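Chains as they are written, first to last, in the numbering used here: chain D, 22 to 418; chain W, 49 to 177.
Structure, rendered in structure tokens:
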């Protein structure tokens with residue numbers, strides 16, 4: 022500690038007290054202390070303004086000014102020095118008040134000695150050291166944070182260009198396959214058609230995978246935002262079910278739709294909720310054997326009139342209880358070889374979960390082996406339009 | 049039937065669109081960059097424009113602006129196609145005066161239906177086979 026030096030400013034209107042302090046400070050030999058003194062509040066603040074002081078010893082009874090006024094000015098001036106209040110006649114209330122106003126410590130003038138002075142100075146210096154350490158850590162965190170944000174933007178930019186570079190040739194592949202398939206480049210034989218259709222389906226699958234990758238990146242970087250509007254959840258569910266019924270037919274499955282009558286409007290990003298539905302329905306198709314059925318339903322939440330529950334129920338092989346929580350984890354499928362054969366990156370469920378949660382809703386799964394699996398998620402009722410419907414009902418009554 | 053300007057820097061996609069539009073009975077005219085787009089447009093006076101957004105040397109929005117501000121071209125329907133999924137790009141297209149917006153890879157049936165509608169042509173009767 023011998024090399025450590027402390028710069029102390031005494032603000033006291035009593036020359037005798039200053040002399041006493043000076044004497045005691047001189048006696049402290051293990052710390053290198055430099056001391057300056059001022060006889061008034063104004064002079065003290067002006068000297069402090071020049072900076073460079075670690076500790077201020079401040080007299081509470083400073084002529085017309087209270088030491089508290091000076092203390093407040095020091096704190097408002099954002100000086101980094103520690104303030105030790107010098108109090109007279111064991112006035113505890115003054116000491117407590119000073120501490121409330123940001124003084125580091127207090128020292129009774131009646132108990133002034135070399136040791137008491139060294140103790141408060143050391144304490145003050147220790148506090149300053151800790152504060153400085155915290156400041157450094159905070160700065161370090163801020164820098165790391167900025168660095169991470171920058172990296173996030175870079176990653177996002179990279180994925181954007183990757184996705185652009187993948188989608189452009191994919192568009193060309195799909196378009197020319199389509200052109201040949203439709204006979205726009207001359208007649209084709211049945212076998213050729215069959216193979217081209219396979220190629221086209223694979224290209225479409227690749228397109229969906231690229232989309233999933235980009236969504237996952239966007240969620241990871243916090244850039245996925247919703248464009249919410251008032252929608253009819255019944256119409257939305259029916260539209261998606263209708264669009265997916267040809268696929269159901271191909272899989273030899275029956276896809277049914279059950280919409281509760283008079284459902285209130287919901288406030289959702291329709292495209293994103295459609296994506297969740299498509300995801301859950303195509304999952305259901307994947308895990309349900311031909312000849313069985315999948316049902317999509319929308320109904321009011323029995324627990325709350327603020328939510329609509331949408332369910333996709335299959336009659337497939339079911340999911341082991343210990344896996345039911347894990348399936349929503351990102352890249353779950355990739356890390357579980359049993360499911361890897363089903364194809365895809367396994368991003369679908371984690372993206373669905375993120376989309377539902379961005380809407381404030383919840384997604385869950387209930388499953389029984391060899392009986393089937395039901396995925397449920399909640400979407401928020403549009404409170405504004407629900408209120409106006411309620412109003413109408415009242416008027417009608 | 050109609051003359052359609054395709055502004056697309058990817059020559060393969062531009063060709064596939066030309067084939068499709070020709071099969072629909074339209075006359076496609078192609079420009080591969082934003083600068084050529086305006087001179088081709090002024091020469092050919094298309095009835096509709098299909099605009100790619102991300103292109104080197106000027107994007108689809110700039111082409112749209114120049115179409116809108118040209119007395120001979122203003123008011124023609126503009127269909128944007130893009131492989132970009134930048135947040136807000138759809139809104140920007142709407143601000144630029146888009147009649148429609150398609151993400152690549154697009155559903156060509158939907159794209160052709162949309163073009164037919166914008167040109168005021170009756171939709172194709174559904175195939176009965």
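Idealized CB from N, CA, C, for every residue including glycine. Keep in mind it's a predicted model, so treat the numbers as computed, not measured.
As a quick exercise: from D:229, D:390, D:284, D:239, pick the residue whose alpha carbon is nearest that of residue 152 (chain W). D:229
Give me the subset of the stretch 197-211 of chain D whose CB atoms are less than 9 Å from a CB atom of chain W, sorted by chain position. 197, 199, 200, 203, 205, 206
How many Å lie between residue 133 (chain D) and residue 72 (chain D) at the Cα? 26 Å
Whose Cβ in chain W lies nearer than 9 Å to the Cβ of residue 244 (chain D)? 135
Within a Cβ cutoff of 6 Å, which residues of the same chain sit near residue 320 (chain D), ignoring the five residues on either side of it in sequence? So the list reads 281, 330, once near-sequence residues are dropped.
Is there a C-beta anywhere in chain W that falls below 8 Å from the one on residue 191 (chain D)? yes
If we count the other Cβ atoms within 10 Å of its Cβ and call it buried at 16 or more, is residue 68 (chain W) buried or exposed? buried
May I ask you to list the residues that DSSP assigns as paired with residue 59 (chain D)? D:32
With a 10 Å radius around its C-beta and 16 neighbouring C-beta atoms as the bar for buried, classify residue 124 (chain W) as buried or exposed. buried
Of the residues D:299, D:218, D:284, D:196, which one's Cα is nearest the Cα of residue 261 (chain D)? D:299
Hey, how far is the Cα of residue 220 (chain D) from the Cα of residue 159 (chain W)? Going by the C-alpha atoms only, they are around 21 Å apart.
Through-space distance from residue 218 (chain D) to residue 209 (chain D), alpha-carbon basis: 12 Å
Could you tell me the alpha carbon to alpha carbon distance between residue 345 (chain D) and residue 372 (chain D), rounded to whole angstroms? 16 Å
Residues of the stretch 220-250 of chain D with a CB closer than 7 Å to any CB of chain W: list them in chain order, please. 228, 235, 244, 246
Does any residue of chain D have a CB that is nearer than 8 Å to the CB of residue 58 (chain W)? Yes, its Cβ sits closer than 8 Å to a Cβ of chain D.
Return helix, strand or coil for residue 278 (chain D), following the three-state DSSP convention. strand
Span of the beta strand (DSSP E) holding residue 96 (chain D)? For residue 96 (chain D), there is no enclosing beta strand (DSSP E); the enclosing alpha helix (DSSP H) covers residues 88-97.
Thinking C-beta only, is residue 258 (chain D) closer than 8 Å to residue 317 (chain D)? yes
If we define contact as Cβ-Cβ less than 8 Å, is residue 100 (chain D) a contact residue for chain W? no
Please report whether the beta-carbon of residue 67 (chain W) lies at a distance below 8 Å from any beta-carbon of chain D. yes
The beta strand (DSSP E) that contains residue 398 (chain D), what's its start and end? 393-401
Measuring only between beta-carbons, confirm whether residue 141 (chain W) sits less than 8 Å from chain D. no
List, from N- to C-terminal side, the alpha helix (DSSP H) runs of 4 residues or more that fit wholly inside the stretch 142-170 of chain W. 156-166
Nearest-angstrom Cβ-Cβ length linking residue 113 (chain W) and residue 144 (chain W), presumed shorter than 8 Å: The distance from the Cβ of residue 113 (chain W) to that of residue 144 (chain W) is about 7 Å, consistent with a contact at the 8 Å cut-off.
Within this structure, are the beta carbons of residue 336 (chain D) and residue 131 (chain W) separated by less than 8 Å? no
Which listed residue (D:172, D:192, D:401, D:30) has its alpha carbon closest to that of residue 58 (chain W): D:192
Let me know the secondary structure DSSP gives residue 126 (chain W) once reduced to three states. strand
Which residues in the same chain as residue 95 (chain W) place their Cβ atom closer than 7 Å to its Cβ, once the five residues preceding and following it in sequence are excluded? 50, 51, 52, 124, 167
Relative to the C-alpha of residue 131 (chain D), which residue among D:123, D:108, D:150, D:248 is closest? D:108
Using the Cβ count rule (16 or more neighbours within 10 Å means buried), how would you classify residue 263 (chain D)? exposed
Beta-carbon contacts of residue 199 (chain D) that lie in its chain and below 7 Å, excluding the five residues immediately before and after: The answer, listed in chain order, is 221.
Do you know how far the Cα of residue 65 (chain W) is from the Cα of residue 155 (chain W)? 12 Å
What residues in its chain sit with their C-beta under 6 Å from that of residue 107 (chain W), if we drop five residues either side in the sequence? Within the same chain, 101 come within 6 Å of residue 107 (chain W) by CB-CB distance, once the 5 residues on both sides are set aside.
Strictly below 9 Å CB to CB, what residues from chain D border residue 64 (chain W)? 192, 193, 195, 196, 197, 199, 200
Taking just the CA atoms, how far does residue 156 (chain D) sit from residue 135 (chain D)? Using only the alpha carbons, I get a separation of about 31 Å.
Between the beta-carbon of residue 145 (chain D) and the beta-carbon of residue 125 (chain D), is there less than 8 Å? yes
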